[in-house]
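One structure is given here, and the rest of the page talks about it.
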Amino acid sequence: MATMDTHDPWSLRESYLYDRRVIAEIQRAAREGIYDIRGFGAKRRLPHFDDLLLLGASISRYPLEGYRERCDTDVTLGTRFAKKPLELKIPVTIAGMSFGALSAPAKEALGRGASEVGTSTTTGDGGMTPEEREHSKMLVYQVLPSRYGMNPDDLRKADAIEIVVGQGAKPGGGGMLLGHKISDRVAEMRSLPRGIDQRSASRHPDWTGPDDLEIKIGELREITDWEKPVFVKIGATRTYYDVQLAVKAGADAIVLDGMQGGTAATQDVFIEHVGIPTLPAVRIASDALQELGMHRQVQLIVSGGIRTGADVAKALALGADAVSIGTAALIAMGDNSPELEEEYAKIGSAAGFYDDWQAGRDPAGISTQDDELAARFDPLLGGRRIANYLRVLTLEAQTLARACGKSHVHNLEPEDLVALTVEAAAMARVPLAGTSWIPGVDNQG
Amino acid sequence: MRAEVTEAAETTAVEVVDLASTPLRELNQRLHDLAGGADGPRRWRILNPNGAHAVACGIDAEIEIEIQGHVGYYCAGMNKLATVRVHGNAGPGLAENITSGTVMVDGNASQSAGATGRGGLLVVHGDAAARCGISMKGVDIVVRGSVGHLSGFIAQTGRLVVCGDAGEALGDSIYEARIYVRGAVSELGADCVEKELRDEHRAELADLLLQAGIDDLDPSDFRRYGSARRLYNFHVDNAY
Ligand SMILES: Cc1cc2nc3c(=O)[nH]c(=O)nc-3n(C[C@H](O)[C@H](O)[C@H](O)COP(=O)(O)O)c2cc1C
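Listed in order, the protein sequences are those of chains A and B.
Under the working numbering, the very last position in the first sequence is 446; numbers go up by exactly one each time.
Under the working numbering, the very last position in the second sequence is 241; numbers go up by exactly one each time.
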């Protein structure tokens, strides 16, 4: 028991179980009577790529020369069935983020940036805007349970199709676009009245289960004359089965989003407590593909907490063909910028902590449908920043790959990795650094 | 096998495609090639569909298609402009996401008929199974028989007319779509309520029935259902 001794704050003991965040949340819940909905991804600490290290070359392996020797980064997505696969120059793509969640100029900037460096961007719940089509050389069109804004003309205009089964932030959950982000334009695209909360279903309206999915994929291929790659996006949960079922259903590529994956608006309890982290998910998925003899035949695109070139390199080493980014792309465009400190303070937040992407009051003009706020965002500058950031991710991944002696980033392999923690070693199935121990794998000496 | 049959009354040729001998891919490609007003047959007859999936999906042309037999999933999916008539039964997802044109089925339709449809007209002369008109966004659907559970789920706009009965959870979480039912409703879904049938609704119904070729029913015998709009803005007291 500590008495309040203002001279000695160290005498106060914070409860581990009821720390100040827990207490604040209980108080908030009691006050508001509604669960907390927010943007961003999981904020708790989770095993991640930071818990892995790469083994650079030495005597037993030799490295490639830092800036000179070739280390390719190109990826082709959709080689299995599509007549026109997507040819990306870099293994990093922009994840699906809806117009509605993001402003039109922000979507435009994503397209500009991605196109400048030869990669793709993705629509989202709410459909395709002309701006993003115009500014994206390669645009992936999402087919979501809500089918908001879904129409055959846009489907035919797309370069690839992504059937969204789930998202890492909320596997098994539907979506919600709160009324204050429903401008006239968003309402029109979604065939709904302005200003009301829009629920997005959690289940597709016209198929359930893997056998139906196969037929659905067949229909989309027929409609688009077998030209476009069809991706299937899943939130990481029962990843082994989901990956194998998606392959069986005829997917050209699998987009796998770990539980850290960002969101525009999801219940906090969902973000923090459902799904498995990206780290084990990648390994399970690539093992599932290998077992079917489909690794590299059906491409694996991984997302959920990709922030640096190291994350990219490690995800590829664990078997991904490419990665995609959401949260980091928003930050690159200016979200959470210290320049906006005062503005964040006005809405009860702070630079570096802002996660109210659901609220539509984003001072950076990114996660908003307010014309005035959106007008603050310069799509040219935003596009430039996206291109810069994507270049850095690529350069970093290349640097690491060269150090491991690889002439293509895809030549990175699990054998190039060790783990810093027992958890990461078990999840990524690579040895704990300095040992040959992979927890859960037999016959380790 | 393709045969050109000249009709006696008109000189319009009917292009006949037999799916027993022609791959579905070839048929759909030929239908797609008519997009944008390209030259080609305007009337088609498809034989031996034998439950094939995705028959005549993704059409974007003002043509008429008669399908002689039963079709599988997603027949006339994402239809634009075309008139498609199935002389048989249809599997799940009939005319899903239809944007314009007309799709008619003489027999029954399985689950999710007209799902997410954005425009045009879907007519089912038999019964439709569960989730008929699920998430509809502007399509008009007329079912001569009954519909299964969760029909009109999250229906956004458009009109669903059921001449028979409706299963459980009708119009669950409905937005602005209007539902008309002539027979019994097992149970209304969340936020779906019965509303007054006024003259304007009788007129609208009469027109829809006429378009569907149904002339033996009185619009006054229908009841109207729509949204109570209590779920429009999330509030804890409305949570389920
Ligand atoms: C603002 C925002 C909007 C999103 N909208 C969608 C969407 O419409 N459809 C979808 O499949 N995923 C959506 N996502 C999830 C992303 O596609 C992606 O899975 C996730 O952001 C990846 O994790 P990361 O944010 O850690 O990079 C959204 C994410 C954000 C941040």
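All residues carry an ideal CB built from backbone N, CA and C; glycine is no exception.
In this text the structure is predicted, and so the values were computed from the model without any measurement.
In the structure shown, the three-state DSSP call for residue 118 of chain A is coil.
Beta-bridge partners of residue 110 of chain B (DSSP): B:91 and B:129.
The segment 223 to 236 of chain B and the segment 169 to 180 of chain B touch, with three or more beta-carbon pairs separated by less than 8 angstroms. Against chain A, a Cβ distance below 8 angstroms from residue 63 of chain B picks out nothing, because the smallest value is about 15 angstroms. Taking 9 angstroms as the cut-off, the Cβ atoms of residue 326 of chain A and residue 42 of chain A do not count as close. Close partners of residue 50 of chain B in chain A (Cβ separation under 8 angstroms) are lacking, with about 14 angstroms as the shortest Cβ gap.
Within 10 angstroms of the beta-carbon of residue 291 of chain A lie fewer than 16 other beta-carbons, which makes it exposed. The continuous stretches of beta strand (DSSP E) do not include residue 15 of chain A, and DSSP gives it neither H nor E.
DSSP, read as helix, strand or coil, puts residue 177 of chain A in strand. For the C-beta of residue 151 of chain A, the chain B residues within less than 9 angstroms are, from N- to C-terminus, 79, 98, 117, 119 and 138.
The segment 63 to 72 of chain A makes no contact with the segment 204 to 220 of chain A: fewer than 3 CB pairs, one atom from each, lie closer than 8 angstroms. For residue 258 of chain A, the distance from the CB to the nearest heavy atom of ligand 1 is below 8 angstroms. Closest by C-alpha distance to residue 356 of chain A, out of A:56, A:54, A:263 and A:151, is A:263. Listed along the chain, the chain B residues whose CB falls inside 7 angstroms of the CB of residue 202 of chain A are 136 and 155. In this model, residue 384 of chain A and residue 427 of chain A are separated by some 39 angstroms (Cα to Cα). With a minimum length of 4 residues, the unbroken runs of alpha helix (DSSP H) contained wholly in the segment 347 to 420 of chain A fall at 372 to 376 and 380 to 404. The beta carbon of residue 246 of chain A is closer than 7 angstroms to those of 211 in its chain, skipping five residues each way along the sequence. Taking the CA atoms as reference points, residue 239 of chain A sits about 13 angstroms from residue 287 of chain A. Taking a 10 Å sphere around the C-beta of residue 23 of chain A, we find fewer than 16 other C-beta atoms and assign the residue as exposed. Listed along chain B, no residue sits closer than 7 angstroms to residue 42 of chain A by beta-carbon distance, the nearest being about 22 angstroms off. Taking 9 angstroms as the CB threshold, residue 220 of chain A lines the interface with chain B.
Along the segment 152 to 181 of chain B, the positions whose C-beta sits under 9 angstroms from a C-beta of chain A are 154, 155, 157, 158, 159, 174, 176 and 177, read in chain order. When DSSP reads this structure, residue 181 of chain B sits in a beta bridge with B:162 and B:225.
When the beta-carbon positions are compared, residue 142 of chain B and residue 115 of chain B come within less than 9 angstroms of each other. Note on geometry: alpha-carbon atoms of residue 341 of chain A and residue 37 of chain A lie some 24 angstroms from one another. Closer than 9 angstroms to the CB of residue 193 of chain B there is not a single CB belonging to chain A.
The continuous beta strand (DSSP E) containing residue 142 of chain A extends over residues 140 to 144. For residue 131 of chain A, the nearest beta carbon of chain B is not closer than 9 angstroms to its own beta carbon. Per the DSSP secondary-structure output, residue 288 of chain A pairs with nothing in a beta bridge.
When Cβ-Cβ separations below 9 angstroms define contact, residue 234 of chain B makes contact with chain A. Assigned with DSSP and collapsed to three states, residue 14 of chain B falls in strand. The shortest CA-to-CA distance from residue 372 of chain A to any of A:103, A:95 and A:65 is the one to A:103. The nearest non-hydrogen atom of ligand 1 is 8 angstroms or more from the C-beta of residue 101 of chain B. For residue 166 of chain A, the three-state secondary structure derived from DSSP is coil. Per DSSP, the continuous alpha helix (DSSP H) segment holding residue 221 of chain A begins and ends at 210 to 224.
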